[in-house]
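For reference, the structure discussed in these notes is given below.
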Amino acid sequence: MESLVPVAEKLWNAWELRLLVLTSLLLQIILIFMGKQRMYGWRWGLVNWCAYIAADYIATSALGVLSGSTSASGGRGDGSPSSDQLGRHNGAMELVAFWSPFLLLHLGGPDTITAFALEDNELWKRHLVGLVTQVALALYVIIKFIIMKSLRSNQLLAPTVLMFAVGVLKFGERTWTLRYGSQDKFRESMESEPDPGPNYVKFMEEYACKTEAGLHANIKVEKERDLAEESIEDEIEAGNNISSTSNESEILREAHNLYQTFRRLIVDQILSFHDRNKSKSIFMKLDAKQAFKVIEIELSFIYEDLYTKAPLVYTVPGVCFRALALIFIFVSLLLFQIITDKSSMAQYSLLDECLYKPRCMEKMIQWIDEMKELSKTTVVKVPEGLEKFILDELQRKSNDVEDLMKEKKKGSSSSSAGNKERELDLSRDYKRLGDCRGEQVLQDWGYLKDLGWSVVDVEFDESILIWHIATEICYTQDCAAKQLPEGGGEISKALSDYMLYLLIFHTPTLTAGIGKIRFNDTLAEASRVFNQAGWKKKPKIPFVSVVVGLIRRRKNEKDATSIVDPNKSKAVNDHLMTVKTEIAPKEVKGDRSKSVLFDACRLADKLLQPDMKAKKWKIMNAVWTEMLCYAAGHCRGYYHAQRLSKGGELLTFVWFLMAHFGIGQQYRIEAGRARAKLIIVDK
1 MESLVPVAEK
11 LWNAWELRLL
21 VLTSLLLQII
31 LIFMGKQRMY
41 GWRWGLVNWC
51 AYIAADYIAT
61 SALGVLSGST
71 SASGGRGDGS
81 PSSDQLGRHN
91 GAMELVAFWS
101 PFLLLHLGGP
111 DTITAFALED
121 NELWKRHLVG
131 LVTQVALALY
141 VIIKFIIMKS
151 LRSNQLLAPT
161 VLMFAVGVLK
171 FGERTWTLRY
181 GSQDKFRESM
191 ESEPDPGPNY
201 VKFMEEYACK
211 TEAGLHANIK
221 VEKERDLAEE
231 SIEDEIEAGN
241 NISSTSNESE
251 ILREAHNLYQ
261 TFRRLIVDQI
271 LSFHDRNKSK
281 SIFMKLDAKQ
291 AFKVIEIELS
301 FIYEDLYTKA
311 PLVYTVPGVC
321 FRALALIFIF
331 VSLLLFQIIT
341 DKSSMAQYSL
351 LDECLYKPRC
361 MEKMIQWIDE
371 MKELSKTTVV
381 KVPEGLEKFI
391 LDELQRKSND
401 VEDLMKEKKK
411 GSSSSSAGNK
421 ERELDLSRDY
431 KRLGDCRGEQ
441 VLQDWGYLKD
451 LGWSVVDVEF
461 DESILIWHIA
471 TEICYTQDCA
481 AKQLPEGGGE
491 ISKALSDYML
501 YLLIFHTPTL
511 TAGIGKIRFN
521 DTLAEASRVF
531 NQAGWKKKPK
541 IPFVSVVVGL
551 IRRRKNEKDA
561 TSIVDPNKSK
571 AVNDHLMTVK
581 TEIAPKEVKG
591 DRSKSVLFDA
601 CRLADKLLQP
611 DMKAKKWKIM
621 NAVWTEMLCY
631 AAGHCRGYYH
641 AQRLSKGGEL
651 LTFVWFLMAH
661 FGIGQQYRIE
671 AGRARAKLII
681 VDK
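In full-length UniProt numbering, the protein residues as written are 1 to 683.
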């Protein structure tokens with residue numbers, strides 16, 4: 001066994017550097033081909049995260065080994081190297097120095113991923129320190145190599161210097177991109193030139209002069225255009241809009257134009273009423289599929305800005321850097337091919353493993369492509385019916401505000417004060433739409449008095465739990481009785497499961513309160529009720545799936561639909577509905593328990609009344625959509641940007657769609673551009 005230690009040590013010393021460089025190259029290939037696969041499921045996200053973290057570590061370790069390998073030398077027992085050993089040593093040192101720039105290229109990373117999470121962008125200063133350190137280390141390797149060998153006989157000096165320049169450029173690109181994606185710099189990139197406004201001092205001096213001269217001057221404010229008179233029709237007539245008949249290139253072009261405006265929402269900047277009217281005029285003419293396609297393209301552009309090198313690659317300096325890098329690489333490889341003696345370097349060549357076994361590389365690339373396609377099969381797309389329903393609801397709400405504004409305009413004066421009042425009303429109406437979480441729907445249907453307690457008098461997370469359990473009960477009862485209208489309950493069921501998923505797994509998006517505590521208390525009460533009734537939990541099956549309907553709490557669960565027996569689910573619901581709920585549960589339990597189980601039963605009992613049969617699912621669909629819009633509008637842009645790295649959420653799509661219809665807090669339309677004039681009045 002002891003005899004194996006020297007052999008293993010010798011083998012490790014011979015292959016350590018090669019393995020590190022090959023591993024670094026393999027990690028770069030993984031990141032190039034699979035940089036965006038993290039959006040298609042947490043498993044591929046884990047693979048990408050491991051590759052992203054390990055890539056920098058392996059490349060840095062390889063540079064450290066390179067710096068130490070330049071001092072290695074062979075020799076005879078007396079310590080003086082033989083001529084043959086010296087020749088091999090010099091050949092090794094040449095290739096060692098030539099490898100170091102390639103490791104800088106690896107540290108620069110691929111174009112497809114620069115940041116794994118938004119927090120990586122905020123650490124760009126630390127990455128800058130790493131840039132200086134690693135470049136200095138690579139430069140040390142090259143300088144030490146030059147000292148060990150005379151410049152005249154150094155054949156690899158020129159290609160090494162060229163590749164070193166490319167490595168520094170590539171590494172610098174990544175640092176610049178991380179800096180650009182940080183919140184402060186990303187916000188600065190969208191800031192317009194400071195506007196001091198009209199010259200107040202000069203205006204008041206002129207006013208004072210006219211007053212001293214005995215002239216009576218009035219101040220008249222001329223606005224750029226009255227907000228109430230700027231209609232959507234004006235924007236449509238202006239052209240440059242896409243429609244339902246537009247091709248993909250037109251949609252892409254218009255989506256890019258909208259992205260230039262609405263990317264400001266990511267850093268919580270405000271938009272103007274002109275931005276609102278322009279985007280609304282576009283989306284009013286699109287069907288659900290096209291509208292969500294435009295939003296998808298816009299969010300893709302934002303993803304590229306925050307997580308890839310796109311902000312630099314598609315600029316004039318970026319193109320120049322790429323052209324220069326390609327020229328340097330081509331010249332370097334050409335020089336390497338011409339001036340090197342392959343026979344003396346064959347034993348040290350890394351290229352044999354990568355270039356002279358094309359079949360292996362082809363199989364690797366083919367496998368990556370197959371895995372890429374396989375990973376997409378786990379994606380759960382939003383049903384087109386749900387997309388259409390959300391779009392129709394937002395269009396209807398936005399049109400209602402416009403119609404109300406026109407009615408107010410007919411019955412009010414056309415004075416400046418009247419116009420100002422209409423502006424304020426319009427602003428408040430659009431903001432109010434984003435603050436509704438079900439009460440507006442119940443009011444429109446005339447059920448606010450009977451059902452409003454479930455959305456107005458409770459916390460938002462409490463409202464989600466109440467309506468989720470009620471939706472599960474109604475859905476199960478109608479399915480068992482075969483009274484579920486075609487497509488009627490699917491929208492409510494999908495939104496109900498999705499909102500509960502957000503509440504449990506992404507709590508900060510919906511509430512800063514006690515959502516999980518309330519959820520656990522509800523499960524505890526349900527468990528006690530069912531145990532008393534004789535139902536026991538099955539081993540290894542989460543009780544949550546039986547009680548609250550979290551069948552799809554994970555998108556990628558293959559056997560999710562087989563967890564609950566439909567007959568047992570019906571029996572559970574029937575048992576819940578037998579409990580008398582004339583007295584509100586809070587009056588009995590107080591605030592000790594946060595459970596909402598029987599509050600949900602009270603709501604379900606109301607929804608299952610015979611007079612609600614024809615309109616129940618229409619009301620529930622609209623309530624869930626309004627809740628979804630409320631959650632989307634009250635979630636900060638930073639969270640939406642974070643979720644883009646995981647493929648994005650339906651919540652983010654709805655948030656952007658709301659912004660395009662002018663719904664929410666993003667617009668500050670009270671302050672328009674104005675110009676003051678002095679009007680001389682004859683006495």
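Where is the CB? At the ideal position from N, CA and C, for every residue including glycine.
Can you list, in chain order, the residues of its chain whose CB lies under 6 Å from that of residue i, leaving out five sequence neighbours each side?
i, result
"MET163", "PRO101 and SER332"
"ILE113", "LEU31 and GLY35"
"CYS635", "THR509"
"TYR475", "GLY489 and LYS493"
"PHE171", "LEU104, LEU107, GLY108 and LEU131"
Residue i to residue j, Cα distance in whole Å?
i, j, result
"PHE661", "ARG276", "6 Å"
"LEU335", "TRP44", "40 Å"
"VAL313", "ILE30", "21 Å"
"LEU25", "LEU650", "36 Å"
"GLN155", "LYS144", "15 Å"
"PHE530", "ALA600", "16 Å"
"ARG152", "LEU63", "Only weak support is given to the placement of ARG152: the predicted model assigns it a pLDDT of 49, under 50, and the question is left unresolved by the model."
"GLN395", "MET284", "7 Å"
"TRP176", "ASP120", "12 Å"
"THR133", "ILE338", "32 Å"
"PRO317", "GLU173", "11 Å"
"residue 688", "CYS436", "Given a span of 1 to 683 for the chain in the structure shown, any question on residue 688 remains unanswerable."
"TRP617", "PHE292", "24 Å"
"ALA213", "GLU205", "12 Å"
"residue 687", "ASN573", "Only positions 1 to 683 of the chain appear in this structure, which leaves residue 687 out of reach."
"GLN260", "ILE297", "12 Å"
"LEU286", "GLN642", "28 Å"
"GLU193", "PHE653", "30 Å"
Tell me whether the beta-carbon of residue i lies closer than 8 Å to the beta-carbon of residue j.
i, j, result
"ILE329", "VAL166", "yes"
"GLU122", "GLN37", "no"
"LEU503", "GLY515", "yes"
"ILE302", "ARG263", "yes"
"LEU169", "PHE321", "yes"
"residue 684", "LEU107", "With the chain running from 1 to 683 in the structure shown, residue 684 is simply not present."
"VAL441", "ILE251", "no"
"VAL401", "TYR430", "yes"
"LYS397", "ILE663", "yes"
"VAL141", "SER61", "no"
"SER279", "LEU258", "yes"
"GLU393", "THR625", "yes"
"ALA323", "VAL294", "no"
Tell me which residues share the same chain as residue i and place their Cβ nearer than 7 Å to its Cβ, disregarding the 5 neighbours each side in the sequence.
i, result
"GLU439", "LEU448, GLY452, VAL455 and VAL456"
"SER462", "The displayed chain sequence assigns Glu, not Ser, to residue 462. Result list for GLU462: ARG518 and VAL596, in chain order."
"THR507", "GLY515 and LYS516"
"LEU128", "THR175"
"PHE598", "VAL579, THR581 and PRO585"
Pull up the DSSP beta-bridge partners for residue i, would you.
i, result
"LEU271", "TYR667"
Does any residue of chain C bring its CB to less than 8 Å from the CB of residue i?
i, result
"ALA494", "Among the chains in the structure shown there is no chain C, since it carries only a single protein chain."
Helix, strand or coil for residue i? Go by DSSP, reduced to three states.
i, result
"GLN483", "coil"
"TYR498", "helix"
"ASN247", "coil"
"PRO198", "coil"
"ILE469", "helix"
"GLY35", "coil"
"ILE514", "coil"
"ALA213", "coil"
"GLU298", "helix"
"PHE262", "helix"
"CYS436", "coil"
"TYR314", "coil"
"ALA117", "coil"
"residue 704", "Residue 704 falls outside the range modelled here, since the chain spans only 1 to 683, and no answer is possible."
Cutting at 8 Å between CB atoms, please list the residues of its own chain near residue i, excluding the five before and the five after it.
i, result
"LYS589", "SER595"
"MET190", "ARG263, ARG264, VAL267 and GLN269"
"LYS540", "Only weak support is given to the placement of LYS540: the predicted model assigns it a pLDDT of 37, under 50, and the value that follows is read from those uncertain coordinates. Here the set comprises nothing."
"ASP305", "TYR180, GLY181, PHE186, ARG263 and PRO311"
For residue i, verify whether its CB is less than 7 Å away from any heavy atom of the ligand MN.
i, result
"VAL294", "Of ligands this structure carries none, so the ligand MN is not represented either."
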